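In this note's numbering, the protein residues as written are 696 to 1183.
Cβ coordinates follow ideal geometry from the N, Cα and C atoms, glycine included.
Remember, it's a predicted structure, so these values are computed and weren't measured experimentally.
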């Protein structure tokens, strides 16, 4: 039920909206109800007080004159009290003397007044309070007044000497207050429903805006898992989902590039394995079936041995790739003379340099330039860089190895004039299994692992390496390593 983002958003927002309106409805009904009751209470109290003043105005104190006789002598009292309730037909008043005779009642209230006084249980409770000299004030349901709630004020009438003469009973219905409260609640509920509808529409469009790219990313990711890297997700806006789209597209590009390299590597390795194995099979079969003269057999067996060595180197390279990627190649760092070993590598390639008639120069600003390095790994780096420079140099071209240093770093630069590297290939030359089309013609034995080893090993030594090239003119590889620091 709550698996989709829309349902989760909608549930969360709905709960917040409902709780908010519930609190609002509770507060509003309480405030409106209290205000309405307070207003009605003040009005009833005002009417009751005025009616009491009118009823005993001019009464002779201490005379003991019955209240009915006093009212009979003043015919305007009933009209005056009636006028108090003229604008409010929900408020009724009746006056009763101490013998519980009802002297007057407003709004044809006489039958109801008699019913109130006749309710012994109720009226005895009222008189008990009046006899104590207190004002009876309650919000209650009176049987004679119906089922609705009423505010009731019963004010005792006394003369100036404090003698009890009777009472004034004032009652007003608060049904209108309850109706207003109910109407307020209904209004809040309707507003809540409309807001819920608006929220539903808003959440739908908002979630669709966010979920649609997520769906497309999910669809693209499933395609990537199956090897189809063609689909890209459009990044709309600048929010986190757009950033995720950009990251996913970048990942797809990297995976596609890696897949292409993997396929190219498999193709190259297959070719590298198939060619020597085909040659060896032909030579061995020729020796086995006696089709080769005895004096030629030794020569062809030596060719088989060379092919086997080539396969061994290929397998060793593949194992080194695996160890580097798995982190199993441990470095044994020690003090290492980079200048001396670079010169040694250059000397070891003397025959190939002479074959190409290269103009070689070697420069170092110090005789000894020490770095902290694994001797075997760093020698391989130097050999790869300088051997590549020899391999891809044009005949009679320049080749230079230059070493300089600062207080913190040693820099090795290997320069050669030759085929160069294209702008398209330059960003990829340090990738594993990468071989440019031109290098394929010059390097028949390699499978594109040399420079990958170089970069990985240099990085493991805390250094950096980069390449600069002008296609068809020259190339320069620049390696920077931290200078060796003596331990205290």
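Secondary structure at residue i, three-state DSSP: helix, strand or coil?
i, result
"residue 861", "strand"
"residue 789", "strand"
"residue 1179", "coil"
"residue 1153", "helix"
"residue 1097", "strand"
"residue 768", "coil"
"residue 1064", "coil"
"residue 1058", "strand"
"residue 837", "coil"
"residue 1158", "coil"
"residue 797", "strand"
"residue 760", "coil"
"residue 709", "helix"
"residue 1210", "Any answer about residue 1210 is impossible in this case: the structure gives the chain only from 696 up to 1183."
"residue 1008", "helix"
"residue 956", "helix"
"residue 1144", "coil"
"residue 921", "coil"
"residue 995", "helix"
"residue 927", "coil"
"residue 852", "strand"
"residue 1018", "helix"
"residue 752", "coil"
"residue 802", "coil"
Taking the straight line between their C-alpha atoms, what separation do you get for residue i and residue j?
i, j, result
"residue 1050", "residue 1034", "24 Å"
"residue 1168", "residue 1113", "6 Å"
"residue 771", "residue 730", "35 Å"
"residue 926", "residue 699", "24 Å"
"residue 965", "residue 952", "20 Å"
"residue 1093", "residue 1058", "14 Å"
"residue 975", "residue 1007", "14 Å"
"residue 893", "residue 708", "11 Å"
"residue 1139", "residue 1005", "The predicted model places residue 1139 with a pLDDT of 49, which falls under 50 and marks its position as unreliable, so this point remains unresolved."
"residue 995", "residue 980", "11 Å"
"residue 989", "residue 918", "60 Å"
"residue 1160", "residue 1146", "10 Å"
"residue 984", "residue 968", "24 Å"
"residue 1173", "residue 1009", "27 Å"
"residue 1163", "residue 1123", "12 Å"
"residue 1018", "residue 1072", "13 Å"
Just checking my contact of residue i with residue j at CB under 8 Å: how many whole Å lie between their CB atoms?
i, j, result
"residue 1031", "residue 1087", "Not really, about 26 Å apart at Cβ, beyond 8 Å."
"residue 1177", "residue 1104", "6 Å"
"residue 883", "residue 723", "6 Å"
"residue 720", "residue 880", "6 Å"
"residue 798", "residue 792", "6 Å"
"residue 747", "residue 852", "6 Å"
"residue 824", "residue 817", "With 8 Å as the limit, residue 824 and residue 817 do not qualify as a contact, their Cβ atoms being about 12 Å apart."
"residue 1115", "residue 1052", "With a Cβ gap of about 19 Å, residue 1115 and residue 1052 do not count as contacting."
"residue 1100", "residue 1062", "About 12 Å; that fails the 8 Å criterion."
"residue 1083", "residue 1148", "Residue 1083 to residue 1148, Cβ: 12 Å. No contact."
"residue 762", "residue 857", "Not really, about 15 Å apart at Cβ, beyond 8 Å."
"residue 745", "residue 779", "6 Å"
"residue 865", "residue 735", "The Cβ separation is near 11 Å, so there is no contact."
For residue i versus residue j, is the C-beta spacing smaller than 8 Å?
i, j, result
"residue 814", "residue 839", "yes"
"residue 1152", "residue 1109", "no"
"residue 739", "residue 846", "yes"
"residue 715", "residue 785", "no"
"residue 939", "residue 912", "yes"
"residue 1069", "residue 1028", "yes"
"residue 1039", "residue 1106", "no"
"residue 922", "residue 954", "yes"
"residue 743", "residue 848", "yes"
"residue 1012", "residue 1144", "yes"
"residue 1056", "residue 997", "no"
"residue 1077", "residue 1036", "yes"
"residue 777", "residue 801", "yes"
"residue 705", "residue 898", "yes"
"residue 931", "residue 943", "no"
Kindly identify the DSSP beta-bridge partner or partners of residue i.
i, result
"residue 1164", "1170"
"residue 1069", "1028"
"residue 1104", "1177"
"residue 823", "Answer by DSSP bridge pairing: none, since residue 823 is not bridged."
"residue 866", "787 and 847"
"residue 1047", "For residue 1047, which the question treats as bridged, DSSP gives no partner whatsoever."
"residue 951", "Beta-bridge pairing links residue 951 to no other residue."
"residue 1113", "1088"
"residue 831", "849"
Looking at the C-beta of residue i, does it have a partner C-beta in chain D at a distance below 8 Å?
i, result
"residue 1052", "Protein chains in the displayed structure number just one, and chain D is not present."
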